[in-house]
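First comes the structure, then the notes that go with it.
Number of protein chains: 2
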Amino acid sequence: MKIFNSEIRVKILATLYGREFCEFSYLKEKLNLTDGNLEHHLKILEKVNYIEIIKIIHKGKLKSIIKITDKGKESFRNYINELLRLSKEGVIK
Amino acid sequence: MKIFNSEIRVKILATLYGREFCEFSYLKEKLNLTDGNLEHHLKILEKVNYIEIIKIIHKGKLKSIIKITDKGKESFRNYINELLRLSKEGVIK
Chain W
611 MKIFNSEIRV KILATLYGRE FCEFSYLKEK LNLTDGNLEH HLKILEKVNY
661 IEIIKIIHKG KLKSIIKITD KGKESFRNYI NELLRLSKEG VIK
Chain R
611 MKIFNSEIRV KILATLYGRE FCEFSYLKEK LNLTDGNLEH HLKILEKVNY
661 IEIIKIIHKG KLKSIIKITD KGKESFRNYI NELLRLSKEG VIK
């Protein structure tokens, strides 16, 4: 499974990269995805240890919190920096 | 065909974005691709008018020059800027 061969997965990683944690519902709205579609891509990202999915109970409701791992952050940073280098636009730290 | 659902196509566009023109052989070496693989992705990018493929004869040899179009540049810029915005890393011009 090539992780970056999906615009949705790249955007999930981008969103998490700047925030560390996101609620499932935030990601879903931000990227305009269905529950099923987001779940599908999160499972793939979890499998390669780019994210962790943490279940919590908040005010009696079960919620999913998505956390990007160091491996996920490094991988996203390498991807975006390669694109920026190729396009001669510098890098992000 | 989702253009950005391919890491290779994104990298081809990134490389062209900073240069306007590239030789086929340059792209092939820079991105470490086979002739067939690069040709496959260039055809897809040509079909959506993101690039033009120009055949020239240079010192008696037929060469392919790849040019990114304004549409291709705009599309790549929008893609990378959306990723940078999502990850809170600013935009490229």
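Which chain is which? The protein sequence lines are W and R, in order.
Sequential numbering of the first sequence, starting at 611, is according to the working numbering.
Sequential numbering of the second sequence, starting at 611, is according to the working numbering.
Virtual Cβ for every residue (Gly too), placed ideally from N, Cα, C.
So, is the C-beta of residue i closer than 7 Å to a C-beta in chain R?
{"i": "Glu617(W)", "result": "yes"}
{"i": "Ser685(W)", "result": "no"}
{"i": "Leu655(W)", "result": "no"}
{"i": "Leu693(W)", "result": "yes"}
Is the CB of residue i under 7 Å away from at least one CB in chain W?
{"i": "Thr625(R)", "result": "yes"}
{"i": "Ser697(R)", "result": "yes"}
{"i": "Tyr682(R)", "result": "First, the amino acid is wrong: residue 682(R) is Gly here, not Tyr. Chain W contact via Cβ: absent."}
{"i": "Phe634(R)", "result": "no"}
{"i": "Phe614(R)", "result": "yes"}
{"i": "Gly628(R)", "result": "yes"}
{"i": "Leu672(R)", "result": "no"}
What does DSSP give as the partner residues of residue i in its beta bridges?
{"i": "Lys671(W)", "result": "His668(W)"}
{"i": "Ile661(W)", "result": "Ile678(W)"}
{"i": "Phe631(W)", "result": "Lys677(W)"}
Under the rule that 16 or more other beta-carbon atoms within 10 Å means buried, what is residue i, buried or exposed?
{"i": "Phe686(W)", "result": "buried"}
{"i": "Phe631(W)", "result": "exposed"}
{"i": "Val620(W)", "result": "buried"}
{"i": "His651(R)", "result": "buried"}
{"i": "Ile613(W)", "result": "buried"}
{"i": "Ser635(W)", "result": "exposed"}
{"i": "Leu608(W)", "result": "With chain W represented from 611 up to 703, any question about residue 608(W) goes unanswered, as that position is not in the structure."}
{"i": "Leu655(R)", "result": "buried"}
{"i": "Leu626(W)", "result": "buried"}
{"i": "Ile622(W)", "result": "buried"}
{"i": "Leu694(W)", "result": "buried"}
Does any heavy atom of the ligand MG sit closer than 6 Å to the C-beta of residue i?
{"i": "Phe634(W)", "result": "The ligand content of the structure shown is nil, which means the ligand MG is not present either."}
Pick from the options: whose alpha carbon is nearest that of residue i?
{"i": "Glu724(R)", "options": "Gly670(R), Ile661(R), Lys657(R) and Asn647(R)", "result": "Residue 724(R) lies beyond the range of chain R shown here (611 to 703); nothing can be said about it."}
{"i": "Lys657(R)", "options": "Glu617(R), Thr679(R), His668(R) and Ser674(R)", "result": "Thr679(R)"}
{"i": "Ile676(R)", "options": "Ala624(R), Ser616(R) and Asn615(R)", "result": "Ala624(R)"}
{"i": "His668(R)", "options": "Glu633(R), Lys653(R) and Leu693(R)", "result": "Glu633(R)"}
{"i": "Glu617(W)", "options": "Lys673(W), Leu648(W) and Gly628(W)", "result": "Leu648(W)"}
{"i": "Ser697(R)", "options": "Ile622(W), Asn615(W) and Gly628(W)", "result": "Gly628(W)"}
{"i": "Lys681(W)", "options": "Lys653(W), Leu672(W), Ile622(W) and Asn659(W)", "result": "Asn659(W)"}
{"i": "Asn615(R)", "options": "Ser674(R), Ile666(R) and Tyr689(R)", "result": "Tyr689(R)"}
Q. Should the segment 629-649 of chain R be called in touch with the segment 639-650 of chain W, which here means at least 3 C-beta pairs below 8 Å?
A. no
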